[in-house]
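Letter 38 of the sequence shown, counting from 1, is numbered 38 in the UniProt record's numbering, and no numbers are missing.
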Amino acid sequence: MGGKVLITDNVATNRIVLKVKLAAACYRPLLAGDGASCLTLARAEIPDLILLDCSLPDLDGIEVLRRLRRDPVTRDIPVIMISASRDAGIRLEALAEGADDYMAKPVDDLVLMARLRRLMRLRDTPGEGAIRGAALRALGLAEQAEAFEGPGLIALVAGRTELAMRWRKELQALMPDRLLVQSREEALAEGGTTPDIFLIDADLDGPGGGLRLMSDLRSRAGTRHAAVCIVRGEVAGEGAAMAYDLGANDLLPATFDPREARLRLRNLLRRKRRADATRATLQNGLRLAVVDPLTGLYNRRYAGAHLAAVAERAQAAGERFAVMVIDLDRFKSVNDRWGHGAGDAVLVEVARRLHANLRPGDLIARIGGEEFLVALPDVRRPDEARAVAERLREAIEEQPVSLPCGGSLRVTISVGLAFSLDDGGRRVETVDQVVNRADSALLIAKSGGRNQVTIERSAVA
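Structure follows, in structure tokens:
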């Protein structure tokens with residue numbers, strides 16, 4: 001199914017007609033005949049979109065919208081307001097309260113379905129937004145609403161400079177945002193600050209030119225996530241539906257009311273910033289999943305996957321690779337004597353020195369409390385890897401580590417080193433076996449007096 005759509009209308013025949021149309025388009029319709037039922041169903045079902053009539057028997061449709069936007073559970077559900085009234089004041093009030101669109105009856109079915117498809121594409125996977133929001137709140141990372149309200153950068157792109165200048169004059173007095181008049185070439189130019197929103201003349205450089213520019217913007221990494229509002233002669237009919245399906249976030253008529261334009265553009269900016277924050281949160285979450293938060297090195301999870309890739313490349317190239325398991329000597333005594341703050345400082349500094357003494361293509365990860373793993377791809381001779389291991393050991397030993405309390409502490413490491421085994425390019429052991437042999441060599445280094453490098457002998461030949 002294409003998603004859940006909550007239809008709220010006090011006229012049963014209207015609900016039935018919309019239900020049939022949406023079901024035919026493979027959506028799952030939910031029906032409510034009044035405001036209270038809408039609010040209850042919205043909370044219980046978390047629909048992907050709400051079609052909300054302005055005239056309801058118990059609550060004003062605008063009041064229902066207001067309550068939806070105040071509720072954290074339903075706040076981000078897209079809402080299209082539908083009304084028999086063509087009163088501009090009602091339309092402006094609906095947009096001011098956060099409606100994603102306002103459509104007057106009789107509704108243009110082509111535009112309604114295209115608008116619905118566009119909002120569905122921008123919507124989270126069902127339940128994803130609520131789950132993410134709960135997780136962020138639990139971690140104290142939830143964004144405040146005001147974080148999405150500050151000034152933005154809006155590019156005005158029209159076929160005639162005087163038209164774009166007129167737009168800027170009409171909007172500048174109503175908006176806190178920076179309004180920048182651009183040509184098509186300037187909109188596509190790389191570098192500089194990317195606008196949050198592009199307001200584009202549909203007939204830029206001829207019929208369809210605005211849609212072609214929008215397609216170009218959507219194809220480029222720098223502008224892919226910018227919001228696009230198309231200004232065209234009519235916001236109804238097949239042309240309007242096509243604009244939505246090609247990627248327009250919103251449409252404005254050529255003779256737009258600056259007050260309505262301000263509300264639509266500010267709503268686009270707010271939604272765009274929320275989407276940006278979601279992507280940033282996802283990217284940060286992915287990074288945190290593979291990075292040790294204390295040292296900034298990769299963690300055990302990443303090390304395992306990376307080491308498997310190193311092994312595959314080595315086998316394909318007929319090369320060998322080396323693995324080191326490194327352990328801080330007598331680290332427990334550091335925590336016991338100086339405290340965990342000092343222990344953390346030692347770990348951070350040791351990680352920094354190890355990383356600084358490796359090649360860019362080498363892997364270093366923290367795989368335990370005071371244990372690190374290093375992988376050296378493309379090792380031609382054991383003495384090359386041994387020299388690297390000795391360099392790491394000396395980098396830790398030669399300079400005491402400064403402690404938060406003001407003192408310093410001499411730290412040493414023990415290193416176990418192993419090399420991959422091969423038989424004419426055929427892998428004869430797993431990655432885990434290589435790591436286990438390096439770990440065995442580490443135990444010998446620790447029992448032999450510490451602060452030394454030990455090579456696992458079976459792979460030296």
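Glycine included, C-beta positions come from ideal geometry on N, C-alpha and C.
query: If we ignore side chains and look at the alpha-carbon of each, how far apart do D362 and R300 end up?
result: Along the sequence shown, one-based indexing puts residue 362 at 362. Along the sequence shown, one-based indexing puts residue 300 at 300. Their backbone Cα atoms lie some 15 Å apart in a straight line.
Among L52, E349, G61, K446, the one whose alpha carbon lies nearest that of E398: Taking the first residue of the sequence shown as 1, we reach residue 398 at position 398. When only C-alpha atoms are compared, the closest one is E349.
message: Can you look up Q452 in the DSSP assignment and give me helix, strand or coil?
response: Translated into positions along the sequence shown, residue 452 becomes position 452. In this structure, Q452 counts as coil in the three-state DSSP scheme.
field: Touching by the beta-carbon criterion (3+ pairs, under 8 Å), the region 265-274 and the region 230-247
entry: no
message: Mapping the DSSP letters down to three states, classify R67 as helix, strand or coil.
response: Here residue 67 corresponds to residue number 67 of the sequence shown, with the count starting at 1. Note: R67 maps to helix in three-state DSSP.
query: Exposed or buried, which one is T161 when buried takes at least 16 other CB atoms within 10 Å?
result: Stepping through the sequence shown from its first residue, residue 161 is reached at position 161. T161 comes out exposed.
query: Comparing alpha-carbon positions, which option in R232, T194, R184, Q182 lies nearest D203?
result: Numbered from its first residue, the sequence shown carries residue 203 at position 203. Among R232, T194, R184, Q182, the Cα nearest to that of D203 is on R232.
- prompt: Where does P382 fall in DSSP's three states?
  reply: Here residue 382 refers to the residue found at position 382 of the sequence shown. Note: P382 maps to helix in three-state DSSP.
- prompt: Looking at the unbroken beta strand (DSSP E) that takes in K4, where does it start and where does it end?
  reply: Within the sequence shown, numbered from 1, the residue matching residue 4 stands at position 4. Counting along the chain, the beta strand (DSSP E) containing K4 begins and ends at 4-8.
Supposed close pair I77, M103 - CB separation, criterion 8 Å: Against the sequence shown, residue 77 aligns to sequence position 77. Against the sequence shown, residue 103 aligns to sequence position 103. The Cβ separation is near 17 Å, so there is no contact.
- request: Below 7 Å CB to CB, which residues in the same chain sit around D196 once its five sequence neighbours on both sides are set aside?
  value: For the purposes of this step, residue 196 is taken as residue 196 along the sequence shown, with counting starting at 1. So the qualifying residues of the chain are G152, L153, I154, A226, A227, L269, K272.
message: With a threshold of 6 Å on Cβ separation, who are the neighbours of L297 within its own chain once the five nearest residues in sequence on each side are excluded?
response: Numbered from 1 along the sequence shown, position 297 holds the residue referred to as residue 297. Once the five neighbours on either side are set aside, the close Cβ partners of L297 are A351, I364, A365, R366.
- prompt: Where does Q399 sit, in a helix, a strand or coil, going by DSSP?
  reply: Stepping through the sequence shown from its first residue, residue 399 is reached at position 399. The answer is coil: DSSP assigns Q399 none of H, G, I, E or B.
- prompt: Taking the continuous alpha helix (DSSP H) assigned at V157, which residues delimit it?
  reply: Mapped onto the sequence shown, residue 157 falls at position 157. Unbroken run through V157 is the beta strand (DSSP E), 153-157; no alpha helix (DSSP H).
Beta bridge counterpart(s) of A445 as assigned by DSSP: Here residue 445 refers to the residue found at position 445 when the sequence shown is read from its first residue. None; A445 has no bridge partner.
- request: Would you grab the beta carbon distance between residue 484 and A445 for me? Rounded to a whole angstrom, and I think it's under 8 Å.
  value: What is shown of the chain runs 1 to 461, which leaves residue 484 out entirely.
- prompt: Which residues in the same chain have their Cβ closer than 7 Å to the Cβ of I16, if we skip the five residues on either side of it in sequence?
  reply: Your numbering for residue 16 matches position 16 in the sequence shown. Result list for I16: empty, nothing under 7 Å.
query: Mind checking whether the beta-carbon of D383 lies closer than 7 Å to any heavy atom of the ligand GTP?
result: Among the components of this structure there are no ligands whatsoever, and the ligand GTP is therefore not found.
- prompt: Skipping 5 residues on each side, what residues in its chain have a beta carbon closer than 6 Å to that of V323?
  reply: As a first step, residue 323 is located in the sequence shown; it is residue number 323 there, counting from the start. Once the five neighbours on either side are set aside, the close Cβ partners of V323 are A375, A418, V434, V435, A438.
message: Tell me the DSSP secondary structure of R160 in three-state form.
response: Stepping through the sequence shown from its first residue, residue 160 is reached at position 160. Of the three classes helix, strand and coil, the one that applies to R160 here is coil, per DSSP.
- request: Give the DSSP-derived three-state secondary structure of S219 in the structure shown.
  value: Counting from one through the sequence shown, the residue named residue 219 turns up at place 219. If DSSP states are grouped into helix, strand and coil, S219 belongs with the helices.
query: DSSP on G127, reduced to helix/strand/coil?
result: Within the sequence shown, residue 127 is the residue found at index 127, counting from 1. Unreliable placement is indicated for G127, whose pLDDT of 46 sits below 50; no coordinate value is reported for it.
query: Quick one: what does DSSP say P293 is sitting in, helix, strand or coil?
result: Here residue 293 is taken as the residue at index 293 of the sequence shown, counted from 1. Note: P293 maps to coil in three-state DSSP.
- prompt: So what's E429 in DSSP terms, helix, strand or just coil?
  reply: As a working note, residue 429 is residue 429 in the sequence shown. Coil.
field: Same chain, Cβ closer than 8 Å to E45, neighbours up to 5 away in sequence not counted
entry: Position 45 of the sequence shown, counted from the start, is the residue given in the question as residue 45. Closer than 8 Å at Cβ, skipping near neighbours: K4, L6, L30.
query: Can you pull the DSSP bridge partners for N418?
result: As a position in the sequence shown, residue 418 is number 418, starting the count at 1. It is Ala, not Asn, that sits at residue 418 in the sequence shown. V323.
- prompt: Which whole runs of the beta strand (DSSP E) in the UniProt domain "Response regulatory" (4-120) are 3 residues long or more, in chain order?
  reply: 4-8, 28-32, 49-53, 79-83, 101-104
- request: Reducing DSSP to helix, strand and coil, say where P377 ends up.
  value: Here the question's residue 377 lines up with position 377 in the sequence shown. P377: strand per DSSP, three-state reduction.
task: Ignore the nearest five residues each way along the sequence and tell me which others in L356's own chain have a CB closer than 8 Å to its CB.
output: Your numbering for residue 356 matches position 356 in the sequence shown. Per the sequence shown, the amino acid found at residue 356 is Ala instead of Leu. Excluding positions up to five away in sequence, the list reads A395.
message: On the CB-based measure, 16 or more other CB atoms within 10 Å of its CB, does Q182 come out buried or exposed?
response: As a position in the sequence shown, residue 182 is number 182, starting the count at 1. Under this definition Q182 is a buried residue.
query: DSSP beta-bridge partners for A365?
result: Numbered from its first residue, the sequence shown carries residue 365 at position 365. Per DSSP, Y298, L373.
query: For L328, which residues does DSSP report across the bridge?
result: In the sequence shown, counting from the first residue as 1, residue 328 sits at position 328. Paired residues: I413.
Cβ shell of R380 (< 8 Å), same chain only, five flanking positions each side left out: In the sequence shown, residue 380 corresponds to position 380, counting from 1. Once the five neighbours on either side are set aside, the close Cβ partners of R380 are E319, R320.
- prompt: Considering A227, what are the terminal residues of the alpha helix (DSSP H) in which it resides?
  reply: By one-based count along the sequence shown, residue 227 stands at place 227. Counting along the chain, A227 falls outside any alpha helix (DSSP H), though it belongs to the beta strand (DSSP E) covering 227-232.
message: Let me confirm a value: E238 is counted as buried when at least 16 other C-beta atoms fall within 10 Å, else exposed. Which label applies?
response: Within the sequence shown, numbered from 1, the residue matching residue 238 stands at position 238. Exposed is the call here.
query: Who pairs with Q315 in a beta bridge, going by DSSP?
result: Counted from its first residue, the sequence shown places residue 315 at position 315. None, per the DSSP bridge assignment.
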